[in-house]
Amino acid sequence: MDTELDLREQADAAYRRVVLDPARYAAEAEVTVARARSAGDVEALVVALKAVAWARHVALDNEGARELLDQGVRLARRHGLPRRLGELLLTRAVALHELGRYDAAARDLRLAEPLIEPGERPEVRFQLAVLDHNRGRLGAAAGAYRELLDDPDCPPFVWVKAANNLANVQTLLGRPQEALGHLERAAELAAGLGPRLPAVIADSLAWSSYHAGRLAESVRRFEEAGRLHAAAGLPLGEHHLEYADVLRDLRLLDEAMAAARSAAADFVRHDARLMAAEARLRCARLALELGDPATALAEATSAGRDFRRQRRPAWAARATVAAAEALSHRDGPTPEVLRSLRTAAATLERLGLRAEAAYARLAAGRTALALGRRAVAGRELTAVGALADGHSLLVRLRGHLARALLAEAQVSGPGDTAPVLRECVRGLRDLARHRAALPSLELRVLASGHGAELGEIGLRTLVPAGSATSILEWLERTRAAALLRVHPAATGIDEDVIALRGVEQELRAARLERGEEPPQLLARQSALEARIRRRSWTAEDTGGEAASPVRAAGLRRALDGAWLAEYAVIGERTLAVVVEPRRTRIVDLGPIGPIRHESEAAAFGLRRLLQGTRFSAVARAAAQEALDGLARLLVVPLGVPPDVPLVVVPSAQLLDVPWSPLHPAPVSVTPSGGLWARAHRGGAAPGSRVAVVAGPDLEGAIEEAGTVAAEHAGARTLLPPASTVDATLSLVRDADLAHFACHGLFRSDSPLFSALELSDGRLTLYELLARGIAPRRVVLASCNSGVQRAYGGNEVLGFVGAMMSNGSAGLAAAGLPIPDGACQPSMTVLHRSLARGDSLATAVWHAREALAAGGPEEYVAWCGLTAYGPG
C-alpha cells in the first residue's frame, strides 16, 4: 500500500480494489478499518467499512455486510458526511436486496441518489432496474438496462453489469441470440475490470448458450466459468444453480440435483434468501423428475412462500407449477391442480416468460385430459404450440408433444391418426439432429429420453391399425437411436484415465492385502471419474450424423434367412413384430405380468444355483421350468421353425431375459434391428488377425488363453503380467477377433466405466471408445459382460451397445454373473466354430451345447452365454 496516501485516500483505494478483486483485497480493507479507528478518522472509517461490507456481500454474507453498513450509515449521519452517506446507502441497498428486503432497498436507493456524485448515479439506476428485474417486471428492467448501455457517461463497471443483466432478461424472454451479442461485448470490457466480472460474464455466456440450444458449448463454458470463479475466490452457489439447469436438460439428473443442492446449501449458509428460494425450486423440479413427488412438493411449497413474501410473481408462479405437478403425481389430477396450473401459466405468459408458460400450459393440458376436460385441454395444448414456436429445440419439443397429445385426444378412428404421427415424427426428427450434435455417447443416449413420450404416443397410435411394417419402422425410429451415430475418428485419451487406472490398482492391492478400500482412494477415484465424464461432455463437436433407421426390406436382406423378433410393451400388453424372409407380421403376446413373473423366477433359480445350495437339483428344475415358461410366452407364439436362427431385439422391460435357452437354433440379441443391419453391412470378411488376452487373478485364464489361441493359426497372446492396458490395446487395435479371459465389471451407475481387469488396472469402455478400438468380433469370457442398462427413449448402454456403436459386428458375452472358469470348457468349441467360418451366433450355439450336460455352474453359463450382433 502506498504509504504517501493519507488515510482517506487509502480507504478509497481499498474500496476500489475490493470491488475489482474482493478475495484478494478483503484483508487490506480490514486493515484499513483498524487504522481508521485507531486514528479516529470517521470518514476513512466509513469508507473502509463499505469496502469490507462489499467483500462480505460478494462472499454471500449479506447479513454481515448489512451490519457493517448500518454502522457506517450511523457514523456518516452523526458526523455530517452526506456524500459518504449516499455511497453507504447505495451499497446497503445491494445487501438488503439480496436479503429479500425490497422495500428497504428501494428506500435506500431513493435516499442515496441526491447525495452521491453524478458519476455514481448510473449505479443507482442500475440497482433500481435490478429490483424490477427480480420482481418480474422484465420490460421495465430491460428498458432501464438499455438506457444505461446508451449512456456515454455510464462507467465501464456499471455498463458490463447492465449488459449482463439485459442478456439475462433477453434469454428469459426467449431471445438468447441477442443476449449472446451483449455478453460478448461485456466479456471484452470485463477483461480489464478484475477477476470477478469475467467469471460472472462467463456464467451468463454459458447460461444463454444453453437457452440458445447449444448445450455442449454451454457445458464447456460452465466448466470454464467454474475455474474462473475458483481462481477469483468467489462463492460457487450461483454458478452451480445455473449449471444445474443445463445438466437437467442434458438429463444428467443426479448431477443436476447435486449442483442444485450444493447451491441451496451455500445460499442458506450465507442467508442469501433470494437465491436460496430459487435453488429450492430447482431441487423441487429435479426431485419430481427423479420420481420423488413428496420432496418436490415440500421444496416447491417452501420456495413459493418465500417468493410471495419477496413479492416476486414470476418465481411464485414457477413454484406453483412445480407444487401442482408434485401434487398431481402424488395424489392424482384434481380440478384444484388444474386451476393452479392455469393461473400460474397465465401469470408467466403475461410477464413474457414464454418457455415457462409453455411448460405450465403443457402440465395444465395433461391434467385437463386426465380429468376429461377436453375443451380446456384443447385450449391449453394449442397455446403450448404457439408459445414454443421459435424457441430452443427442447422447448419446441414441448410444442410437438402438446400438439401430438391434442391430436391423439381427437382421434375417433384409424383415419384420424395422421396429425398425431406427423407431430411425433417432427419432434423426433428435431431430437435426432440435437442428439447427433452432442459430443459423447453418454449424452446422446440420455438425450433420447426427451423423445420417450413422443415415441410412446406414436406407437400406441399405430398399433390399432395393425400394420406390421409401420410398427416395425416406428420401433426402429425410437430404439437405440443414439447408438446409430456415425462415429468420427478417435481423438485419443487423457491423463486422468491413466491416473484412474493407477488408483484402481491401489484399491485392488488394498482389498487383497487389508480387505478394505481406503476412503481417500475411493474419493480420488470418484473425483477422477467425474472429471473424465465432464471432459467427455465438453469435447469439441467433431460432426457426424445419425444413420437413418432401417426399413423392413433392408432388414430382411441383412437377415439372410434368419427371423427377427422385435418386442414392445405398450401399457401392460406385449407384442412382437416378426420379420420373416417373405413377410412381416405382428404377434400379440398378452400381458407383461406373466412374463415378468417367469423372468424373476428364472433369475431366482439361477441365483440359488450359484449359491451352492444342497437343493441344486430343485433350483435347476425351477429355473428350467421358468425358462420353459418364458419360451412359451415369448418365442413359441412367433412360430419360428426350430432350425431357423433367431435375432431378438428386446424392449427395455425384457433386457434381463436370458434369450439363448428360449429357442433351439442359434440366437443373436441386438439393441436394435438398425444396429444389427449396420454391423452386418460394415463388417469385413473374417480375417486371420486373432488376439487373445488373459487377465490377472482369474483361475484358468492362462490355460483358457492357450487353448483358444491353439484354434487359430498365428494368434497373438498376452498373459499376465505382460497383459497391461497399453499392451492389450496395441494388440487388439487391428484384430479381427479379440478374446478376453479376465474379470469383468459392469457399472450400472455409469456403464461407460464398465471395465475389464488387466494386469496393471482396468480397461474401461471410456478408454476403448476414446481410442477408437472396436475389434470386429469380441469374446468376453467374463461375468455380466452382456448386461445393459436401460435409459429413457428405449436406449441401452453397456459393453454390447458401446462396442457395436463403435464398430464391432458382434460380441459373445454373458448376461449373468457366471462363476470364474464356468465358460472355459466351452471356449475351445466356440473358437473352433469361429475358425471354420461360422457366425458368432452359431459358434455360441455350439459352445452352449458343450455346457448343457454340466453341473450347476455350467448350467448357469449355458443360460447366460449370449451372442450379440451378426458377428
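If you read the sequence shown in the numbering used here, its first letter stands for residue 11, the second for the next number, and so on. Think of the CB as a built atom: it goes at the ideal place given N, C-alpha and C, for glycine as much as any other residue. Predicted model only: the values in this text are computed from it and were never measured.
Problem - Segment limits, beta strand (DSSP E) that includes G820 - result: In the sequence shown, the residue the question calls residue 820 occupies position 810. It spans G820 to A824 - the beta strand (DSSP E) in which G820 sits, taken as one unbroken run.
Problem - Buried/exposed call for E526, threshold 16 Cβ in 10 Å - result: Residue numbering aside, residue 526 sits at position 516 when the sequence shown is read from its first letter. Counting Cβ neighbours within 10 Å, E526 comes out exposed, since fewer than 16 surround it.
Handout entry: Buried versus exposed call for L17 [16 or more other C-beta atoms within 10 Å across all chains shown]
Key = In the sequence shown, counting from the first residue as 1, residue 17 sits at position 7. With 16 or more Cβ atoms within 10 Å of its Cβ, L17 is classed as buried.
Handout entry: Reduced DSSP secondary structure (H/G/I, E/B, other) of R318
Key = In the sequence shown, counting from the first residue as 1, residue 318 sits at position 308. Helix.
Handout entry: Within 8 Å, strictly: CB atoms of V883 and P647
Key = Residue 883 is absent from the model: the chain starts at 11 and stops at 881.
Practice task
Return the CA-CA distance between A549 and L453, expressed in angstroms with no decimal places.
Solution key: As a first step, residue 549 is located in the sequence shown; it is residue number 539 there, counting from the start. As a first step, residue 453 is located in the sequence shown; it is residue number 443 there, counting from the start. Whole-angstrom Cα-Cα distance: 11 Å.
Handout entry: C-beta atoms of A629 and G615 nearer than 8 Å
Key = As a first step, residue 629 is located in the sequence shown; it is residue number 619 there, counting from the start. As a first step, residue 615 is located in the sequence shown; it is residue number 605 there, counting from the start. Yes.
Practice task
Please name the residue or residues paired with R583 in a DSSP beta bridge.
Solution key: For the purposes of this step, residue 583 is identified with residue 573 of the sequence shown, where counting begins at 1. Looking at the DSSP assignment, R583 forms a beta bridge with I580 and P601.
Exercise for the section: List the residues that DSSP assigns as beta-bridge partners of L875. Expected result: Here residue 875 corresponds to residue number 865 of the sequence shown, with the count starting at 1. DSSP output for L875 lists A824 as bridge partner(s).
Practice task
List the residues that DSSP assigns as beta-bridge partners of F750.
Solution key: Along the sequence shown, read from residue 1 onward, the residue named residue 750 stands at position 740. DSSP, once it has assigned bridges, lists V703 and L790 as partnering F750.
Practice task
Using alpha carbons as the reference points, say which of D264, P660, A333 and A356 lies closest to V347.
Solution key: The residue you call residue 347 lines up with position 337 of the sequence shown. Out of D264, P660, A333 and A356, A333 has the C-alpha closest to the C-alpha of V347.
Problem - E868 burial status per 10 Å Cβ neighbour count (16 or more: buried) - result: Mapped onto the sequence shown, residue 868 falls at position 858. It counts as buried.
Handout entry: Per DSSP, cross-strand counterpart(s) of E233
Key = The residue given as residue 233 occupies position 223 in the sequence shown. None, per the DSSP bridge assignment.
Handout entry: alpha helix (DSSP H) segment containing A800, residue limits
Key = Locating residue 800 in the sequence shown gives position 790, where the first residue counts as 1. Where A800 is concerned, there is no enclosing alpha helix (DSSP H), although the beta strand (DSSP E) it sits in stretches over R799 to Y801.
Handout entry: Where L644 falls, given that 16 or more other Cβ within 10 Å makes a residue buried
Key = Stepping through the sequence shown from its first residue, residue 644 is reached at position 634. Buried, by the Cβ-count rule.
Handout entry: Unbroken alpha helix (DSSP H) run spanning L99, endpoints
Key = Within the sequence shown, numbered from 1, the residue matching residue 99 stands at position 89. Segment P92 to E108, the alpha helix (DSSP H) holding L99.
Practice task
For the alpha helix (DSSP H) containing L199, list its first residue and its last residue.
Solution key: Position 189 of the sequence shown, counted from the first residue, corresponds to residue 199. Segment P186 to A200, the alpha helix (DSSP H) holding L199.
Exercise for the section: Kindly list the residues whose CB is nearer than 7 Å to the CB of A398, restricted to its own chain and excluding five residues on each side of it in sequence; keep chain order. Expected result: Position 388 of the sequence shown, counted from the first residue, corresponds to residue 398. So the list reads A368, V405, R406, R408 and G409, once near-sequence residues are dropped.
Exercise for the section: Just the C-alpha distance for P785 and V718, rounded to the nearest angstrom, thanks. Expected result: In the sequence shown, residue 785 corresponds to position 775, counting from 1. In the sequence shown, residue 718 corresponds to position 708, counting from 1. Roughly 17 Å separates the two Cα atoms.
Practice task
Identify the continuous alpha helix (DSSP H) that holds T10 and give its terminal residues.
Solution key: Only positions 11 to 881 of the chain appear in the structure, and residue 10 is not among them; the question remains open.
Problem - Segments assigned alpha helix (DSSP H), at least 4 residues, entirely inside the region 420-472 - result: 428-446, 451-457 and 462-472
Problem - Boundaries (first-last residue) of the beta strand (DSSP E) holding E805 - result: Taking the sequence shown and counting its residues from 1, the one referred to as residue 805 is at position 795. Run containing E805: E805 to L807, per the beta strand (DSSP E) assignment.
Practice task
Would you tell me roughly how many angstroms separate the C-alpha atoms of A21 and E97, rounded to the nearest one?
Solution key: Counted from its first residue, the sequence shown places residue 21 at position 11. Counted from its first residue, the sequence shown places residue 97 at position 87. The alpha-carbon atoms of A21 and E97 are separated by roughly 13 Å.
Problem - Nonlocal neighbours in the same chain, by C-beta distance under 7 Å from A862, ignoring five residues either side - result: Counting from one through the sequence shown, the residue named residue 862 turns up at place 852. Closer than 7 Å at Cβ, skipping near neighbours: W872.
Handout entry: Among F167, S661 and P655, nearest to P674 - alpha-carbon criterion
Key = Numbered from its first residue, the sequence shown carries residue 674 at position 664. Among F167, S661 and P655, the Cα nearest to that of P674 is on P655.
Handout entry: 7 Å CB neighbourhood of A24 in its chain, flanking five on each side removed
Key = Position 14 of the sequence shown, counted from the first residue, corresponds to residue 24. Once the five neighbours on either side are set aside, the close Cβ partners of A24 are Y35, E38, A39, T42, A58 and A61.
Practice task
Would you be able to state if there are at least three C-beta pairs under 8 Å between the region 267-281 and the region 87-104?
Solution key: no
Practice task
Within the same chain, show all residues whose beta-carbon is closer than 6 Å to that of R534, passing over the 5 residues directly before and after it, in chain order.
Solution key: Taking the first residue of the sequence shown as position 1, residue 534 is located at position 524. Counting only Cβ-Cβ distances below 6 Å, and skipping sequence neighbours, we find V513.
Problem - Burial state of E19 (16 or more Cβ within 10 Å) - result: Along the sequence shown, read from residue 1 onward, the residue named residue 19 stands at position 9. With fewer than 16 Cβ atoms within 10 Å of its Cβ, E19 is classed as exposed.
Problem - L522 burial status per 10 Å Cβ neighbour count (16 or more: buried) - result: For the purposes of this step, residue 522 is taken as the residue at position 512 of the sequence shown. Per the 10 Å Cβ criterion, exposed.
Problem - G852, DSSP secondary structure in three states - result: Looking up residue 852 in the sequence shown gives position 842. In the sequence as presented, Gly is not what sits at residue 852; that position holds Thr. It is helical.
Practice task
Please confirm if the region 274-290 is in contact with the region 244-257, defined as three or more CB-CB distances below 8 Å between the two stretches.
Solution key: yes
Problem - Selection from N72, V677 and L768 that minimises the alpha carbon distance to V702 - result: For the purposes of this step, residue 702 is identified with residue 692 of the sequence shown, where counting begins at 1. Per the Cα distances, L768.
Problem - Candidates R349, A297 and R283: closest to R261 by CA position - result: Locating residue 261 in the sequence shown gives position 251, where the first residue counts as 1. Residue A297 is the option with its Cα nearest to R261.
Exercise for the section: Kindly list the residues whose CB is nearer than 8 Å to the CB of E265, restricted to its own chain and excluding five residues on each side of it in sequence; keep chain order. Expected result: Your numbering for residue 265 matches position 255 in the sequence shown. Closer than 8 Å at Cβ, skipping near neighbours: L257.
Practice task
Check each candidate in E721, L747 and A711 and name the one with the smallest Cα separation from S733.
Solution key: Position 723 of the sequence shown holds residue 733. Comparing Cα-Cα distances from S733 to each of E721, L747 and A711, the minimum goes to A711.
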